[in-house]
Amino acid sequence: MNWLQELVSRLRQTVRFDGLWWRKAAYLGSVYGPEWLKQYAPPAVAAMIFVLVKRNRRGAIVNLQRVLNADRWTARLAALRMFSEFAFCMSETLEYYSPRPQPVRLELPSHDVIAEALGEGRGLVVVTGHFGNWDIAAKTLRDYNRPINLVMAQDINASTQEYVRAARERVGVRVIFSDTSVFSSLNMIRALRQNEIVAIQLDRMLGAGGARLLPFLGALALFPSGPFALARLAGAPLVPVFIPRLGPRHYRVVIGEPADVPREARDPHVLDRVMLGIVRQFEAVVRRYPLQWFQFAPFWPEERESTGTRGDVYVASVAKTA
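Mapping of the sequence shown onto my numbering: residues 3 to 324, in sequence order.
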């Protein structure tokens with residue numbers, strides 16, 4: 003009976019809205035479909051998910067109320083547009099990673115901070131968010147001829163995890179799962195000391211690491227201290243990078259001001275100052291492109307409490323911050 007229950011569970015995960023079956027269907031449409039399908043299918047699918055998946059819809063609306071300083075109805079309409087933007091980003095990622103990629107227009111900054119940082123030979127910690135199209139950015143970083151290590155947590159839907167990992171590694175982006183081994187941090191430090199790039203999301207709690215409460219868009223929010231501790235331990239510079247979508251296959255590469263994490267950042271007050279400088283840059287980008295921040299769970303602790311969204315990672319983070 004246990005094997006039957008496990009089989010049924012796997013089948014349910016596969017056909018869920020974020021499961022492997024739908025991911026493969028999206029891949030076929032994004033890569034081999036006609037141009038009209040690529041234009042109209044993503045917003046249509048996004049609208050269906052918006053209606054059917056209450057938890058994600060509610061989280062997006064609550065977040066956008068704060069980001070836009072708007073009433074619930076205005077935030078609801080904005081959330082629907084955000085779902086559509088996310089669908090377009092996913093579709094263009096699948097196309098870009100395929101054997102038949104279409105040209106993507108990238109607006110690059112005139113000052114190449116990343117090349118300068120890598121020129122120091124200390125590796126580079128890139129922090130970003132679940133914002134715009136990070137996958138296209140990660141593939142673009144290959145132009146620096148340095149190995150790229152993308153740190154991520156296990157996928158919520160296990161049916162897609164290996165599929166997504168394999169797709170990224172086919173284009174030269176190595177995946178490090180932060181919550182599968184006690185040696186993950188050692189692998190990250192080793193990569194940095196070999197002058198490689200380690201990329202970590204700033205708005206995701208990866209594993210059971212600590213977090214700090216910092217002001218963000220008018221209220222305190224939790225941000226992981228792991229990327230900063232990693233940069234301190236490896237002696238590597240830290241640079242924020244964000245890739246907003248401007249239109250069909252059109253993106254802008256936003257590279258923020260780099261930060262060196264001093265040894266004194268063992269002290270929580272010093273660590274908070276360094277983290278706040280990066281968080282403020284993230285805040286500025288979210289304000290400029292509010293519909294590009296693909297955050298589908300309540301982000302601020304007070305919103306999590308009011309909506310009853312409390313996960314184990316969140317509770318552990320609050321405990322470490324107290």
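We put the CB at the ideal spot given by N, CA and C, even for glycine.
Starting from Phe244, follow the alpha helix (DSSP H) in both directions and report where the run begins and ends.
Mapped onto the sequence shown, residue 244 falls at position 242. First-last for Phe244: Leu240 to Phe244, but that is the beta strand (DSSP E), not the alpha helix (DSSP H).
Return helix, strand or coil for Arg251, following the three-state DSSP convention.
For the purposes of this step, residue 251 is taken as the residue at position 249 of the sequence shown. Of the three classes helix, strand and coil, the one that applies to Arg251 here is coil, per DSSP.
So, is the C-beta of Arg170 closer than 7 Å to a C-beta in chain C?
Looking for chain C here will not work: only one protein chain is present.
Can you list, in chain order, the residues of its chain whose CB lies under 7 Å from that of Ala236, leaving out five sequence neighbours each side?
Taking the sequence shown and counting its residues from 1, one reaches residue 236 at position 234. So the list reads Gly125, Ile191, Leu194 and Arg195, once near-sequence residues are dropped.
Only counting the same chain, and skipping five residues up and downstream in sequence, which positions put a Cβ closer than 7 Å to that of Val263?
Locating residue 263 in the sequence shown gives position 261, where the first residue counts as 1. If we look at Val263 and ignore the five residues flanking it on each side, its Cβ neighbours are Phe230, Ala233, Arg234, Leu240 and Val276.
Hey, which unbroken runs of the alpha helix (DSSP H) at 4 residues or more fall wholly within the segment 28-94?
Those alpha helix (DSSP H) runs which fall completely within the segment 28-94 and span 4+ residues are 37-54 and 56-70.
If we ignore side chains and look at the alpha-carbon of each, how far apart do Trp75 and Tyr99 end up?
Stepping through the sequence shown from its first residue, residue 75 is reached at position 73. Stepping through the sequence shown from its first residue, residue 99 is reached at position 97. If you take the alpha carbons of Trp75 and Tyr99, they lie about 36 Å apart.
DSSP beta-bridge partners for Phe179?
Indexing the sequence shown from 1 puts residue 179 at position 177. In DSSP, Phe179 forms a bridge with Met154.
Given Ala119, which residues of its chain have a CB within under 7 Å of its CB, disregarding the five upstream and five downstream residues?
Here the question's residue 119 lines up with position 117 in the sequence shown. Within the same chain, Ala119 has close Cβ partners Leu126, Pro239, Val241 and Pro260.
Do you know how far the Cα of Phe296 is from the Cα of Thr130?
Mapped onto the sequence shown, residue 130 falls at position 128. Mapped onto the sequence shown, residue 296 falls at position 294. Roughly 12 Å separates the two Cα atoms.
In or out: Ala210 buried (at least 16 other Cβ within 10 Å) or exposed?
To locate residue 210, count along the sequence shown from 1; it is residue 208. Annotation note: pLDDT 46 at Ala210 (below 50); position unreliable, coordinate value reported separately. Classification for Ala210: exposed.
Taking the straight line between their C-alpha atoms, what separation do you get for Tyr146 and Ile116?
Taking the sequence shown and counting its residues from 1, the one referred to as residue 146 is at position 144. Taking the sequence shown and counting its residues from 1, the one referred to as residue 116 is at position 114. Roughly 8 Å separates the two Cα atoms.
Quick one: Cα of Glu304 to Cα of Glu198, how far?
Here residue 304 refers to the residue found at position 302 of the sequence shown. Here residue 198 refers to the residue found at position 196 of the sequence shown. In a straight line, the C-alpha of Glu304 is about 38 Å away from that of Glu198.
Once the 5 residues before and after Ala221 are set aside, which same chain residues still bring their CB inside 6 Å of it?
Here the question's residue 221 lines up with position 219 in the sequence shown. Excluding sequence neighbours, Ala221 sits near Trp302.
Distance check for Ile280 and Glu266, CA to CA, integer angstroms please.
Your numbering for residue 266 matches position 264 in the sequence shown. Your numbering for residue 280 matches position 278 in the sequence shown. One C-alpha to the other measures close to 17 Å.
Relative to the C-alpha of Ser227, which candidate in Glu97, Asp274 and Tyr34 has its C-alpha closest?
For the purposes of this step, residue 227 is taken as residue 225 along the sequence shown, with counting starting at 1. Checked all of Glu97, Asp274 and Tyr34; the closest Cα to Ser227 is Asp274.
Quick check: the Cα distance between Val33 and Ile178, rounded to an integer number of angstroms?
Position 31 of the sequence shown, counting from 1, holds the residue named residue 33. Position 176 of the sequence shown, counting from 1, holds the residue named residue 178. Each residue's alpha carbon lies about 27 Å from the other.
For Val106, which three-state DSSP category applies?
Looking up residue 106 in the sequence shown gives position 104. Val106: coil per DSSP, three-state reduction.
Note down, in chain order, each residue of its chain lying with its Cβ closer than 7 Å to the Cβ of Gln283, except the 5 sequence neighbours on either side.
Position 281 of the sequence shown, counted from the first residue, corresponds to residue 283. Cβ neighbours of Gln283 beyond the five flanking positions: Pro242, Gly258 and Glu259.
Grouping DSSP H, G and I as helix and E and B as strand, with all else coil, what is Leu273?
Counted from its first residue, the sequence shown places residue 273 at position 271. In this structure, Leu273 counts as helix in the three-state DSSP scheme.
Helix, strand or coil: how does DSSP classify Ala221 here?
For the purposes of this step, residue 221 is taken as the residue at position 219 of the sequence shown. Ala221 falls in the strand class under three-state DSSP.
I need the DSSP call for Val288, collapsed to helix, strand or coil.
In the sequence shown, residue 288 corresponds to position 286, counting from 1. Helix.
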